[in-house]
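Undergrad: Heads up: the sequence shown at position 59 corresponds to 93 in my numbering, and the numbers run straight through without jumps. All residues carry an ideal CB built from backbone N, CA and C; glycine is no exception. Being a predicted model, the structure only gives us computed values, none of them experimental.
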Amino acid sequence: MITLTFIEHSGEQHVVTAEPGCTLMQAAVDNGVPGIDADCGGACACGTCHVIVAQDWLSKTATPSDSESTMLEMTPDHCRQSRLACQITLSEPLDGMVVELPEFQM
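(1) For glycine 81, tell me which candidate among Met131, Thr39, Asp111 and Phe40 has the shortest Cα-Cα distance.
(2) What separation, rounded to the nearest whole angstrom, lies between the Cα atoms of valine 38 and valine 132?
(3) Taking 8 Å as the limit between beta carbons, can you name the residues of its chain near glutamine 139, skipping five residues before and five after?
(4) Which class does glutamine 47 belong to by DSSP, given the choice of helix, strand or coil?
(5) Applying the criterion that 16 or more other CB atoms from any shown protein chain within 10 Å of the CB defines a buried residue, is cysteine 113 buried or exposed?
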């Protein structure tokens with residue numbers, strides 16, 4: 035199992051576990067993490083699973099695709115560490131990853 039920490043904009047933390055191979059978005063949805071709307075169901079088409087990956091973990095995630103980068107540019111709180119949770123597939127090197135949730139999703 036992969037352990038993940040989601041930190042809401044308010045500072046409230048949610049520590050969850052998920053199976054390797056699922057997406058960060060699915061782990062959040064399956065564990066009832068508030069702030070991950072996932073309106074498109076993981077199709078990289080809405081930007082409502084925007085997360086801010088902690089700097090220490092950013093290099094362990096894949097480089098965003100062009101479509102992900104385009105969606106991220108439309109999010110209000112976009113920054114260099116922004117990712118769409120639907121585009122991060124969980125694997126053992128991501129065990130312990132910490133992500134912050136923006137104040138608002140698109």
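TA: In short:
(1) Asp111
(2) Here the sequence assigns leucine to residue 38, which means valine is not the residue at that position. The straight-line gap from Cα to Cα measures roughly 6 Å.
(3) Gly69, Ile70, Asp71, Gly81, Thr82, Cys83, His84 and Thr109
(4) strand
(5) By the neighbour-count criterion, in which 16 or more other beta carbons inside 10 Å mark a residue as buried, cysteine 113 falls on the exposed side.
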